[in-house]
Amino acid sequence: MPRYLVGRLAGMAGVLLLVCLFTYAVFFLLSPDPAVQVCGKSCTPERIDQIRMNLGLDRPFWTQFLSFLGGLVSGRTYGEGANAVECAAPCLGYSFQSSQSVTDMIWQRLPVSATVAVGAAVLWLLVGVVSGLIGAVKNGTWVDRVMTGLTLGGLSIPNYVLALVLQFVLVVQLQWLPFPQAVPFGEDPGRWFLNFVMPWIVLAVGYAAAYTRLTRANVIDTLQENFLRTARAKGLAPHLVWRRHALRPALTPVVTVFGMDFAGLLGGALITETVFGLNGVGKMAADSIAKNDQPVIMGVTLLAAFFVVIGNVVVDVVYTVIDPRVRVAA
Amino acid sequence: MTSTNRHPTQAGFLEVRDLTVSFPTATGRVDVVSHLDLDLEPGGALGIVGESGSGKSLTSLAIMGLLPDKATRSGTVRLDGEDLTAMPESRLRRVRGDRVAMIFQDPLSSLNPYYTVGAQIEEAYRSHRRGVTRRQAHRVAVEAMERVHIKDAAHRIDHYPHQFSGGMRQRVMIAMALTTEPELLIADEPTTALDVTVQAQILALLQEIRRDTGTALVLITHDLAVVSEITDHIVVMRAGECVERGPVESIFSDPKHPYTQALLDAVPRIDDEIGALRSLTTTGGRP
Ligand SMILES: Nc1ncnc2c1ncn2[C@@H]1O[C@H](COP(=O)(O)OP(=O)(O)O)[C@@H](O)[C@H]1O
Ligand SMILES: [Mg+2]
Numbered sequence: 024m025p026r027y028l029v030g031r032l033a034g035m036a037g038v039l040l041l042v043c044l045f046t047y048a049v050f051f052l053l054s055p056d057p058a059v060q061v062c063g064k065s066c067t068p069e070r071i072d073q074i075r076m077n078l079g080l081d082r083p084f085w086t087q088f089l090s091f092l093g094g095l096v097s098g099r100t101y102g103e104g105a106n107a108v109e110c111a112a113p114c115l116g117y118s119f120q121s122s123q124s125v126t127d128m129i130w131q132r133l134p135v136s137a138t139v140a141v142g143a144a145v146l147w148l149l150v151g152v153v154s155g156l157i158g159a160v161k162n163g164t165w166v167d168r169v170m171t172g173l174t175l176g177g178l179s180i181p182n183y184v185l186a187l188v189l190q191f192v193l194v195v196q197l198q199w200l201p202f203p204q205a206v207p208f209g210e211d212p213g214r215w216f217l218n219f220v221m222p223w224i225v226l227a228v229g230y231a232a233a234y235t236r237l238t239r240a241n242v243i244d245t246l247q248e249n250f251l252r253t254a255r256a257k258g259l260a261p262h263l264v265w266r267r268h269a270l271r272p273a274l275t276p277v278v279t280v281f282g283m284d285f286a287g288l289l290g291g292a293l294i295t296e297t298v299f300g301l302n303g304v305g306k307m308a309a310d311s312i313a314k315n316d317q318p319v320i321m322g323v324t325l326l327a328a329f330f331v332v333i334g335n336v337v338v339d340v341v342y343t344v345i346d347p348r349v350r351v352a353a
Numbered sequence: 004m005t006s007t008n009r010h011p012t013q014a015g016f017l018e019v020r021d022l023t024v025s026f027p028t029a030t031g032r033v034d035v036v037s038h039l040d041l042d043l044e045p046g047g048a049l050g051i052v053g054e055s056g057s058g059k060s061l062t063s064l065a066i067m068g069l070l071p072d073k074a075t076r077s078g079t080v081r082l083d084g085e086d087l088t089a090m091p092e093s094r095l096r097r098v099r100g101d102r103v104a105m106i107f108q109d110p111l112s113s114l115n116p117y118y119t120v121g122a123q124i125e126e127a128y129r130s131h132r133r134g135v136t137r138r139q140a141h142r143v144a145v146e147a148m149e150r151v152h153i154k155d156a157a158h159r160i161d162h163y164p165h166q167f168s169g170g171m172r173q174r175v176m177i178a179m180a181l182t183t184e185p186e187l188l189i190a191d192e193p194t195t196a197l198d199v200t201v202q203a204q205i206l207a208l209l210q211e212i213r214r215d216t217g218t219a220l221v222l223i224t225h226d227l228a229v230v231s232e233i234t235d236h237i238v239v240m241r242a243g244e245c246v247e248r249g250p251v252e253s254i255f256s257d258p259k260h261p262y263t264q265a266l267l268d269a270v271p272r273i274d275d276e277i278g279a280l281r282s283l284t285t286t287g288g289r290p
């Protein structure tokens, strides 16, 4: 098991390195010249050349990539002399537009994104798994059909539409929720919580629908398994057949998908954060795309990729605990 | 045909009468088991033989009351005089796995991959013996595994089904069935998924268990050779109906129905170490 873990972590490091290389290469090839942006509107070609040299943009790709990796590990300095800016490790880049290191920008916004992700995840897991179970038990009845319809609706409604509808209904019409307004947790925890209710719902709906489907399908499949017949032939009561023999195999795949989905969201829920004006990583990414703030876009991309890769490994390790077949093979 | 069908040979322990199982289809209900009678004396062994799809598995599930929801069943299944079809589900559960135990064709998929074999064997025992401790159940499980000749049972009990070979998994299934000392064991194609040599071992084991415990056995198979070794009576099924029944010897020596004849012709002669040779010598005329 530890050996397996070591191998897995080494593999993860390799994948992360490749992710860095790939992302860096894409931005290197596709993005407009950062020097032009740094220089601003009134700029001479000579000045641009100088900035290029300062930032090392005149050097070959591999050299630049290596300095980027160096920055990740031990920080780096952009430019020289009076114009020099420090970027502490792990340096994901520097936003000249915001005069801030990308890492700092992300750190400031990560708590909001994490709050959105965690709350939504709790919601969609509860709703998705419970309604999936109901759908499986009521398979083929009108309850199941109604739920299938709702699921389809949940999957197809765009986030921003749902957000507008919710705001109109819950805030304007029913006035169940206050108008969204950023309040620090320490100041008024109740208000802070209410602020996140709509983003949580909006983000959770699509996932809840998908998890309902997944759970329902898995449970129905599991109920066909021969070992369930064995459990019944033993004379077990139905609730024991379910609890001991059906649920665990049926819900194991949900764990995998959940790990990946959740990890993906830590990189920011772009639309939800933007719609509700939540100052998270997702909104920052959207803003940076609008402003063409290339280092930030790349930083967020890398961050999201990191989370997915790490989430993958976590899921695999969790799997070795849940599924004895994987455990022994490992 | 009806005359052979209504021809109970023994009375007593298991008495199935007029068992019919049907499924709804687009064109109405279809009987997949129709008007079947079965009889088994205490400790006896009955073989149900027929090609795939002839309704053997559904017959066994109908006896256990474990048919799929869509299926309907009529007729009676008496165990020691008690009609299982009239029993409330809660009482039937106390029969299943305790007085009547079942083993299936595919031992790997019939065992839950998420639990150790020990946990699954112990579960069978504890669900019918209120108040036994974990430790007692554990001991019973080890003993059951030893009884089916799983080596190093005390250690193997903590392994998972996928860590066993096919034959060993079927032994685990048998051990699970044995913990409660059932009066009747229903084995639905217990050797079909196994290699020939392993098949022979499992059949020998079933034989041995029958001898040692006196449990009655219903052995279901598509292979007449398998059935000939252990059972004394055979019911030949085709398309849900019994086409021929009788003692093993008379079926082998003098099959009445062309379908039985065809099944006999299909009995392999070279690789079958147990049944066919003996049967062939007793039947004489077949090389
Ligand atoms: N759930 C089901 N729904 C409809 N028909 C079924 C179902 N299960 C089995 N059958 C049909 O019943 C017949 C008998 O099946 P089965 O008892 O499994 O045969 P055997 O065990 O002899 O191979 C088959 O023709 C099969 O198609
Ligand atoms: Mg069958």
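First to last, the protein sequences are chains A and B.
So the first sequence is numbered by the working numbering: it starts at 24 and just counts up by one.
So the second sequence is numbered by the working numbering: it starts at 4 and just counts up by one.
Cβ coordinates follow ideal geometry from the N, Cα and C atoms, glycine included.
None of these values were measured; they are calculated from a predicted model.
Look at the region 152–167 of chain A: it has no residue with a C-beta under 8 Å from a C-beta of chain B.
Taken in chain order, the unbroken stretches of alpha helix (DSSP H) that lie wholly in the region 107–158 of chain B and span 4 residues or more are 110–113, 120–129 and 137–150. Shown in chain order are the members of the region 250–276 of chain A whose Cβ falls below 7 Å from a Cβ of chain B: PHE250, ARG252, THR253, ARG255, ALA256, LYS257, GLY258, LEU259, ALA260, HIS268, ARG271 and PRO272. Each of B:GLY68, B:LEU64 and B:THR79 was checked against the Cα of B:ARG94, and the nearest Cα belongs to B:GLY68. Residues close to ligand 1 by the beta carbon criterion (under 5 Å to any non-hydrogen atom) are, from first to last along the chain, B:PHE26, B:VAL35, B:SER55, B:GLY56, B:SER57, B:GLY58, B:LYS59, B:SER60, B:LEU61 and B:PRO71. A:SER121 sits in coil when the DSSP states are folded into three classes, being neither helix nor strand. Taking CB atoms only, B:LEU69 has a neighbour in chain A less than 8 Å away.
Taken in chain order, the whole beta strand (DSSP E) runs of length 3 or more contained in the region 26–111 of chain B are 31–43, 48–52, 75–82 and 103–106. Under the three-state reduction of DSSP output, A:TYR342 falls in the helix class.
At least one CB of chain A lies nearer than 8 Å to the CB of B:PHE107. C-alpha of B:SER130 to C-alpha of B:THR119: approximately 17 Å in a straight line.
B:GLU85 is outside the set of residues whose beta carbon lies under 8 Å from a beta carbon in chain A. Per the DSSP secondary-structure output, B:THR224 pairs in a beta bridge with B:VAL52. Rounded to whole angstroms, B:GLY31 and B:LYS59 show a C-alpha spacing of 22 Å. At least one CB of chain A lies nearer than 8 Å to the CB of B:ARG96.
For B:THR88, the CB contacts under 6 Å within the same chain, skipping 5 residues up- and downstream, are THR79 and VAL80 in chain order. For B:GLU184, no Cβ of chain A is located within less than 8 Å of the residue's own Cβ. B:LEU39 and B:VAL239 have their C-alpha atoms roughly 11 Å apart.
Legend: CB atoms of the region 219–250 of chain A lying less than 9 Å from CB atoms of chain B belong to residues GLU248, ASN249 and PHE250. The three-state reading of DSSP puts B:TYR262 in helix, counting H, G and I together.
Ligand 2 has a heavy atom closer than 7 Å to the beta-carbon of B:GLU192.
For B:PRO250, there is no enclosing alpha helix (DSSP H); the residue is found in the beta strand (DSSP E) stretching over 244–250. Rounded to whole angstroms, A:LEU326 and A:GLY290 show a C-alpha spacing of 6 Å. Scanning chain A for C-beta atoms nearer than 7 Å to the C-beta of B:GLY78 yields nothing, as the closest lies near 20 Å away. Proximity of chain A to B:PRO45 at the Cβ level (cut-off 7 Å) is not reached, the minimal Cβ distance being about 21 Å. Beta-bridge pairing by DSSP links B:ALA219 to B:LEU187. For the options A:VAL61, A:TYR47, A:SER122 and A:ILE71, the alpha carbon positioned closest to that of A:PHE91 is the one of A:TYR47.
Counting only Cβ-Cβ distances below 8 Å, B:ARG241 has no contacts in chain A at all, with the closest Cβ about 25 Å away.
B:LEU197 does not reach chain A, its nearest Cβ partner there being about 16 Å away, counting only Cβ pairs nearer than 7 Å. Annotation: Cβ neighbours of B:HIS165 in chain A (cutoff 7 Å, chain order): ARG348. Here A:THR253 is actually not in contact with A:ALA273; their C-beta atoms are around 16 Å apart, not less than 8 Å. In the structure shown, A:CYS43 adopts helical secondary structure according to DSSP, grouped into three states. Where A:VAL264 is concerned, there is no enclosing alpha helix (DSSP H), because DSSP gives it neither an H nor an E. From the listed residues A:GLN131, A:LEU200 and A:ASN106, the smallest Cα separation to A:GLY213 is found for A:LEU200. Of the other Cβ atoms in all chains shown, 16 or more fall within 10 Å of the Cβ of B:ARG213; this residue is therefore buried. B:PHE107 counts as buried, since no fewer than 16 other beta carbons sit within 10 angstroms of its beta carbon.
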